[in-house]
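K.L.:
Counting in the numbering used here, the sequence shown tops out at residue 509, every number present.
For each residue, glycine too, the CB sits at the ideal point set by N, CA and C.
Before anything else, here's the structure in question.
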Amino acid sequence: MNHFLNSGVALNPAGTFPQNFVWGVAAAAAQIEGAAFTEGKGESIWDRFSRMPGKVHNGDTLDVACDHYHRFKEDFALMRQLGVKNYRLSISWPRLYPTGDGALNQAGVDYYHRLLDAMVAEGITPWVTFFHWDLPQALEDRGGWTSAVTVKAFANYAETVVKAFGGKVKNWITLNEIRCFTWLSYDVCVQAPGRKVSPAELNQTYHHALLCHGHAVRAVRQLGGPGARVGLTDNSTICMPVTETPADIAAARTWYAEKNIHLLGAIYAGGYSPKYLARCGADAPRVEEGDFALISQPTDFLGLNLYTGTFVRAGADGRPQEIPLPVHYPVADSPWLHLAPQVMYWGTRLAHETYGATSLYVTENGCGYNDEPVVNGEVFDLHRRDYLRGHLRELQRAINDGVPVDGYFLWSFMDNFEWQDGYERRFGIVHVDYATQKRTPKLSAHYYSAIMRENRIV
Ligand code: GBH
């Protein structure tokens with residue numbers, strides 16, 4: 052089992068978060084809904100990928116997942132019991148457009164209307180992500196993220212979504228974690244569709260994703276009605292200075308700007324930097340006139356999914372030096388999730404300092420463990436409670452230092468389909484028994500409930 056780093060932050064234990072701080076929980080359509088082929092939903096790249104031998108742990112599929120498709124009412128009632136007032140969800144593109152473009156599936160639209168109505172009836176504010184990785188397979192068959200066909204189809208999908216739900220939804224998130232559905236999916240190939248492409252095509256997937264972000268912003272501005280707000284959710288590559296001294300902090304700033312140069316860097320600068328283009332050489336993305344007018348439209352906030360980061364210091368040559376993680380460095384059961392609560396502090400502070408983002412939301416933070424089963428109606432996930440406490444302390448330290456963080460969404464409301472790790476890896480504060488679909492709030496759910504209620508770390 053793992054041990055934890057104490058964040059070591061001295062805080063007034065009674066110190067509260069800012070007034071109107073947004074507390075919430077997050078999930079995504081493909082990971083919880085199930086009903087993968089119900090009422091006209093089309094096949095997504097994850098439906099296909101999960102059926103390829105060896106791609107997903109245990110051969111798990113998204114077919115049933117948490118059956119949220121049929122159980123959303125009970126799930127929202129449970130959220131309400133726990134005091135959840137904000138819920139970040141995503142809409143399934145292939146449920147609305149089974150082939151990506153073409154005919155709209157009205158049953159899919161009706162479903163999300165019922166779902167949003169049920170949520171609002173429980174006093175829960177929706178925060179809706181247009182795209183959380185479930186690309187229609189039919190679009191992948193036409194080139195997926197390497198093709199401009201996907202951009203055109205997304206622009207139409209985004210307009211449809213805002214037109215349909217803009218009366219009920221005021222908080223919009225364009226895309227979830229561009230790196231994952233581009234780099235991890237078309238280069239590292241551990242995520243769907245798992246199709247290796249050339250460096251030039253890979254750079255083009257980033258550019259197409261940026262364009263889709265821009266189309267979603269445009270759709271919200273044009274069709275979202277009064278009070279609509281929109282931003283991207285990015286999983287920036289985060290680093291943390293080994294010592295919080297000027298030299299190491301300067302090294303962290305340099306490292307961070309370089310690692311995020313092609314995504315947040317391009318969005319906030321209004322174009323690709325000469326440095327990035329030089330790095331790409333002949334493989335640079337093709338940019339059409341007007342692309343960056345779309346991509347770099349001002350947004351209302353920046354969403355950050357913060358999980359882990361890399362330690363850096365000022366190297367002997369004056370360049371940032373990455374510190375490799377020793378084998379015994381603490382880690383969750385998710386092998387990539389090294390436990391460094393300072394990711395909350397530096398992840399938000401560097402985004403604010405580097406890009407001038409004036410409203411930040413942590414749109415995901417949480418931890419994956421192979422939790423114990425329920426015993427006498429309880430799951431004592433003290434590890435998750437401790438994770439939360441340590442990470443929120445570092446977030447509060449950032450706020451106390453003037454970083455404009457306006458909200459926090461815990462990943463995840465309930466255990467769900469953890470992509471290539473299947474159902475074994477659990478991120479929920481609510482336990483799901485997949486054989487019976489029974490939900491049981493874990494100890495961490497009660498702990499987080501108290502945090503939300505009291506607006507402070509309890
Ligand atoms: C988020 O991704 C997702 O938005 C969410 O859907 C997901 O369930 C949640 O976090 C928990 O994972 O290259 O093989 O080492 C987190 C992003 C997931 C990206 C793990 C890097 C490493 C896989 N990260 N991934 S690997």
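Please go through the same chain and pick out, in chain order, the residues whose beta-carbon is closer than 7 Å to the beta-carbon of Val200, but skip the five residues on each side of it.
P.N.:
Leu190, Arg193 and Gly194
K.L.:
Counting only the same chain and skipping the five closest in sequence on each side, list residues whose C-beta sits under 6 Å from that of Ala501.
P.N.:
Val509
K.L.:
According to DSSP, Met465 sits in a beta bridge with which residue or residues?
P.N.:
Val481
K.L.:
Bridge partners of Phe460, per DSSP?
P.N.:
Gly75
K.L.:
Who are the Cβ neighbours of Gln242 in its own chain at under 8 Å, not counting the five residues just before and after it?
P.N.:
Phe100, Trp184, Cys231, Phe232, Leu235, Ser236, Trp470 and Gln471
K.L.:
CB-CB under 6 Å to Arg504, same chain, minus the five flanking residues each way: which ones, in chain order?
P.N.:
Gly134
K.L.:
Could you compute how far the alpha carbon of Asn57 sits from the alpha carbon of Trp97?
P.N.:
Residue placement at Asn57 is flagged as unreliable, the pLDDT there being 41, under the threshold of 50; the coordinate-derived value follows with that caveat. Cα to Cα, Asn57 sits roughly 37 Å from Trp97.
K.L.:
Please go through the stretch 275-350 and give each complete alpha helix (DSSP H) segment of 4 or more residues, from N-terminal end onward.
P.N.:
297-310, 315-320, 325-331 and 342-346
K.L.:
Considering just the uninterrupted stretch of the beta strand (DSSP E) at Ile374, what are its terminal residues?
P.N.:
Segment: none, Ile374 is in no beta strand (DSSP E) and carries neither H nor E.
K.L.:
Tell me whether Met291 is buried or exposed, calling it buried when 16 or more other Cβ atoms sit within 10 Å of its Cβ.
P.N.:
buried
K.L.:
So for His54, helix, strand or coil by DSSP?
P.N.:
Any answer about His54 is weak, because its pLDDT of 38 lies below 50 and its placement is not dependable; what the coordinates show is given next. Coil.
K.L.:
By DSSP's criteria, Tyr412 is part of a beta bridge. Which residues make up the other side?
P.N.:
According to DSSP, Tyr412 bridges with Gly354 and Gly458.
K.L.:
Under 6 Å from any heavy atom of the ligand GBH, does the C-beta of Glu475 make it?
P.N.:
no
K.L.:
With a threshold of 6 Å, establish whether the CB of Val76 neighbours any heavy atom of the ligand GBH.
P.N.:
no
K.L.:
Going by the C-beta, is Glu512 closer than 6 Å to any heavy atom of the ligand GBH?
P.N.:
Past the edges of the chain, shown from 52 to 509, lies residue 512, and the structure says nothing about it.
K.L.:
Within the present structure, is the beta-carbon of Val413 separated from the nearest heavy atom of the ligand GBH by less than 6 Å?
P.N.:
no
K.L.:
Give me the residue from His313, Ala251 and Ser287 with the minimum Cα distance to Leu353.
P.N.:
Ser287
K.L.:
Which residue or residues does DSSP assign as beta-bridge partners of Val179?
P.N.:
Leu140 and Trp223
K.L.:
Rounded to the nearest angstrom, how far is the Cβ of Asn421 from that of Leu461, given a contact under 8 Å?
P.N.:
The pair is not a contact, with the Cβ atoms about 19 Å apart (cut-off 8 Å).
K.L.:
For Thr50, count neighbouring C-beta atoms within 10 Å of its own C-beta (all shown protein chains included) and say buried if the count is 16 or more, exposed if not.
P.N.:
Shown here, the chain extends from 52 to 509; a query on residue 50 therefore has no answer.
K.L.:
In this structure, does DSSP put Phe362 in helix, strand or coil?
P.N.:
strand
K.L.:
Which class does Lys493 belong to by DSSP, given the choice of helix, strand or coil?
P.N.:
coil
K.L.:
Smallest Cα separation from Gly322: which of Glu339, Thr150, Ala496 and Ser198?
P.N.:
Glu339
K.L.:
Within 7 Å of any Cβ in chain B, is that where the Cβ of Arg246 sits?
P.N.:
The structure shown contains no chain B; it holds only a single protein chain.
K.L.:
Could you check if Gly59 is buried or exposed, using at least 16 other CB atoms within 10 Å of its CB as the buried criterion?
P.N.:
Residue confidence for Gly59 is low, a pLDDT of 43 falling below 50, so the modelled location carries little weight and cannot support an answer.
K.L.:
Measuring only the C-alpha atoms, how far is Leu283 from Val481?
P.N.:
Roughly 27 Å between the two C-alpha positions.
K.L.:
Under 7 Å, do Arg364 and Ala302 count as touching if we go by C-beta distance?
P.N.:
yes
K.L.:
On the criterion of 16 or more Cβ atoms from any shown chain inside 10 Å, does Lys493 qualify as buried, or is it exposed?
P.N.:
buried
K.L.:
Give a yes or no on whether the C-beta atoms belonging to Ala169 and Phe127 are separated by under 7 Å.
P.N.:
yes
K.L.:
Considering only C-alpha positions, which residue in the set Ala204, Phe182 and Asn254 is nearest to Trp223?
P.N.:
Phe182
K.L.:
Can you name, in chain order, every residue of its own chain whose Cβ lies under 7 Å from the Cβ of Ala383, other than the five neighbours on each side?
P.N.:
Asn53, Leu390, Cys418, Gly419 and Tyr420
K.L.:
Is the beta carbon of Ala78 less than 7 Å from the beta carbon of Phe464?
P.N.:
yes
K.L.:
Looking at Asn467 and Cys117, is the spacing between their C-beta atoms short of 7 Å?
P.N.:
yes
K.L.:
Within its chain, find whatever has a CB closer than 7 Å to the CB of Tyr208; leave out the 5 residues flanking it on each side and keep chain order.
P.N.:
Within the same chain, Tyr208 has close Cβ partners Trp144, Leu147 and Tyr148.
K.L.:
Look up Arg504 in the DSSP assignment and say whether it is helix, strand or coil.
P.N.:
helix
K.L.:
Rounded to the nearest angstrom, how far is the Cβ of Gly360 from that of Ile289, given a contact under 8 Å?
P.N.:
In this structure, Gly360 and Ile289 form a Cβ contact; the two beta carbons are roughly 4 Å apart against a cut-off of 8 Å.
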